[in-house]
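In the UniProt record's numbering, the protein residues as written are 1 to 123.
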Amino acid sequence: MKKILIVEDHIDIRKLLKMTLEFDDFEIHEAATGDAGWVLAQELQPDIVLLDVMMPGTLNGLDVCRRIKSAPGMRHTKVIMLTARVQSDDRAAGFAAGADDYLMKPFSTLQVLETIYRMEAAQ
Numbered sequence: 001m002k003k004i005l006i007v008e009d010h011i012d013i014r015k016l017l018k019m020t021l022e023f024d025d026f027e028i029h030e031a032a033t034g035d036a037g038w039v040l041a042q043e044l045q046p047d048i049v050l051l052d053v054m055m056p057g058t059l060n061g062l063d064v065c066r067r068i069k070s071a072p073g074m075r076h077t078k079v080i081m082l083t084a085r086v087q088s089d090d091r092a093a094g095f096a097a098g099a100d101d102y103l104m105k106p107f108s109t110l111q112v113l114e115t116i117y118r119m120e121a122a123q
């Protein structure tokens, strides 16, 4: 069973993602801030992280992504950025931080699932 960590400060988006993923064989965890997301990522070592960029706290999504990608125990972890930051510079910053994919809000749940399935197939 794949572990997925959703790190998103908007509860409605977290709920939507969780409801979408519950119909498949995923172990789902949630965090509302970058700081909490980083703590959970270290503890869980998830297969996939759905990560917002702009969040309250000391760590934003780019910070969390960089930490995940530099942690030896999480080299396998795929990071999908989910963000309203849609400029090409923002997208470039996401990939520079180590993101495996970058989905812009508003996104469709089908788009998120397709991205997850593509990453699973590539592993």
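Built from N, CA and C at the ideal position, the CB exists for glycine as well.
For residue i, the nearest candidate out of the options (CA to CA)
{"i": "GLY73", "options": "ILE28, VAL86, PRO46, ILE116", "result": "PRO46"}
{"i": "PHE23", "options": "LYS105, ASP12, MET55, MET1", "result": "MET1"}
{"i": "GLU120", "options": "ALA97, GLY61, ASP101", "result": "ASP101"}
{"i": "LYS105", "options": "VAL7, ILE13, LEU62, ALA71", "result": "ILE13"}
{"i": "GLN111", "options": "ALA97, VAL7, THR20, LEU5", "result": "THR20"}
Counterpart residues of residue i in DSSP-defined beta bridges
{"i": "THR83", "result": "MET104"}
{"i": "ILE116", "result": "Partner(s): none; ILE116 has no beta bridge."}
{"i": "LEU5", "result": "HIS29, VAL49"}
Beta-carbon proximity check, residue i vs residue j, cutoff 7 Å
{"i": "LEU40", "j": "ALA32", "result": "no"}
{"i": "ILE28", "j": "LYS15", "result": "no"}
{"i": "LEU59", "j": "ASP35", "result": "yes"}
{"i": "GLY94", "j": "VAL64", "result": "no"}
{"i": "LEU44", "j": "LYS69", "result": "no"}
{"i": "MET55", "j": "ASP25", "result": "no"}
{"i": "ARG67", "j": "ALA97", "result": "no"}
Exercise. Would you check if the segment 73 to 82 and the segment 50 to 60 touch, i.e. whether three or more CB-CB distances between them fall below 8 Å?
Key: yes
Exercise. Pick out the complete beta strand (DSSP E) segments inside the segment 7 to 69, 3 residues or longer, and give them in chain order.
Key: 26 to 31, 48 to 51
Quiz item: Are three or more beta carbon pairs between the segment 111 to 118 and the segment 84 to 93 nearer than 8 Å?
Solution: no
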